[in-house]
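Student: Listed in order, the protein sequences are those of chains A and B.
Numbering-wise (this note's numbering), the first sequence opens with residue 1 and increments by one.
Numbering-wise (this note's numbering), the second sequence opens with residue 1001 and increments by one.
We put the beta carbon where it would ideally sit given N, CA and C, even for glycine.
Computed from a prediction, not measured in an experiment: that's the story for all the values here.
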Amino acid sequence: MLGLLAASMPEALSAWPDPRLTLTSQLEDLALVLPWLQALADRYALTASTRFAIQLCLEEALSNIVRHGYRGRANQSITVECAPSPAGELVFTIEDHAPPFDPLAPSAADAAPTPQSIDELQPGGQGIRLMRRFSSRIAWEPTPSGNRLTLAFPLAR
Amino acid sequence: MQISTEELPGGVTRVRLDGRMDIAGAQSVDLKMNIVAGSAHRLLIDLEKVEFLGSMGLRSIVIPARAVHSRGGKVVLFAPTPMVESVLKTSGIDALLPVHHSLDAAIAALE
């Protein structure tokens, strides 16, 4: 009987993913992000390129917070919220309680200049450039206790 | 992440990467990549099966490439998907590590 009900009510029984994900400040926790994003991407029927872009930007943003914002301090919280906007975007809002850091400030954005030779290739410092390129909108603002980073992506199907 | 290597004619070492080059994926191939880079002089990094590349994955390519280059060797990148290639272009790495979609052209670039 339950099986019949499940077959006839797939939408009712297949809930939307929680729009909020709470992580702690360790790189291992970032493994929780991918299945959450995949569930959201399925629900919003996102294209493969938009899925890629969201995964990329969130990995860059969250790993920056863990490594640079919290400087390796464990058990600090990071929250990620996902919501559609009236402008037809899927907007991710990432909040932390790390010291204020504006990733869009010129000094931060220029942290890794385009390398001119293979010897100048720096193994890191690409995250901000990638987030700018792969999101449709990026914004930062300080909060009373930390930072709020907003990343938007097109919802067009 | 899967990684395998193959020796091609002409002293070319082909390293095939397969999977997601995210933080966990990059960590899982770093050691093998650095071992391969420690002896290869003509290194072809095959990205055809790489479905995701983030900055930690870029790091797993850049560090071995620098090691090969520092010994006078050459490195090329082969067959990235359009999104992976877009990451390479955004980072500027494609200007320094040539990207080829033809295997013959990739091998020729290593000569």
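DSSP on A/W140, reduced to helix/strand/coil?
Tutor: strand
Student: With 8 Å as the threshold, decide whether the Cβ of B/I1035 is near any Cβ in chain A.
Tutor: no
Student: The beta strand (DSSP E) spanning B/Q1027 covers which residue range?
Tutor: Premise fails: B/Q1027 lies in the alpha helix (DSSP H), I1023 to A1037, not in any beta strand (DSSP E).
Student: Can you look up B/L1008 in the DSSP assignment and give me helix, strand or coil?
Tutor: In the structure shown, the three-state DSSP call for B/L1008 is strand.
Student: Grab the span of the alpha helix (DSSP H) containing B/V1084 for me, first residue to last.
Tutor: P1082 to S1091
Student: Could you name the residues of the same chain whose beta carbon sits closer than 8 Å to that of B/V1050, not counting the 5 residues immediately before and after it, in chain order?
Tutor: L1017, D1018, G1019, R1020, M1021, G1057, P1080, T1081 and V1084
Student: Answer with yes or no whether the minimum CB distance from A/I118 to chain B is below 8 Å.
Tutor: yes
Student: Mind checking the stretch 25 to 39 of chain A against chain B and listing, in chain order, the residues whose C-beta falls within less than 7 Å of any C-beta there?
Tutor: Per Cβ criterion, the list reads L27, L30 and A31.
Student: Measuring only the C-alpha atoms, how far is B/A1105 from B/E1007?
Tutor: 17 Å
Student: Whole angstroms is fine: what's the gap from A/D129's alpha carbon to A/A15's?
Tutor: One detail in the question is off: residue 129 of chain A reads as Arg in this sequence, not Asp. When rounded, the distance between both Cα atoms is 35 Å.
Student: Under DSSP, the alpha helix (DSSP H) around B/I1045 begins and ends at which residues?
Tutor: Per DSSP, B/I1045 belongs to no alpha helix (DSSP H); it is in the beta strand (DSSP E), R1042 to L1053.
Student: Report, in whole angstroms, the separation of the C-beta atoms of A/M131 and A/A83, which I expect to be a contact under 8 Å.
Tutor: Contact flag wrong, Cβ pair sits at about 19 Å.
Student: Could you run through the stretch 1071 to 1082 of chain B and flag, in chain order, every residue whose CB is less than 7 Å away from some CB of chain A?
Tutor: none
Student: Roughly how many angstroms separate the alpha carbons of B/I1063 and B/S1039, rounded to a whole number?
Tutor: Cα to Cα, B/I1063 sits roughly 14 Å from B/S1039.
Student: What does B/H1069 reach in chain A if we use C-beta pairs closer than 8 Å?
Tutor: I118 and D119
Student: Give the straight-line distance between the Cα atoms of A/S49 and B/R1066, rounded to the nearest whole angstrom.
Tutor: 30 Å
Student: Check A/N75 in the structure and name its three-state DSSP category.
Tutor: Coil at A/N75, not helix or strand.
Student: Taking the alpha carbon of A/Q76 as the reference point, which residue from A/S25, A/P19 and A/P17 has its own alpha carbon closest?
Tutor: Looking at the Cα atoms, A/S25 is the closest of the given residues.
Student: Under 8 Å between the Cβ atoms of B/L1096 and B/L1047?
Tutor: no
Student: In whole angstroms, what is the alpha-carbon distance linking A/S139 and B/G1054?
Tutor: Reading the sequence as shown, one finds Ala at residue 139 of chain A and not Ser. If I take the Cα positions, the gap works out to 20 Å.
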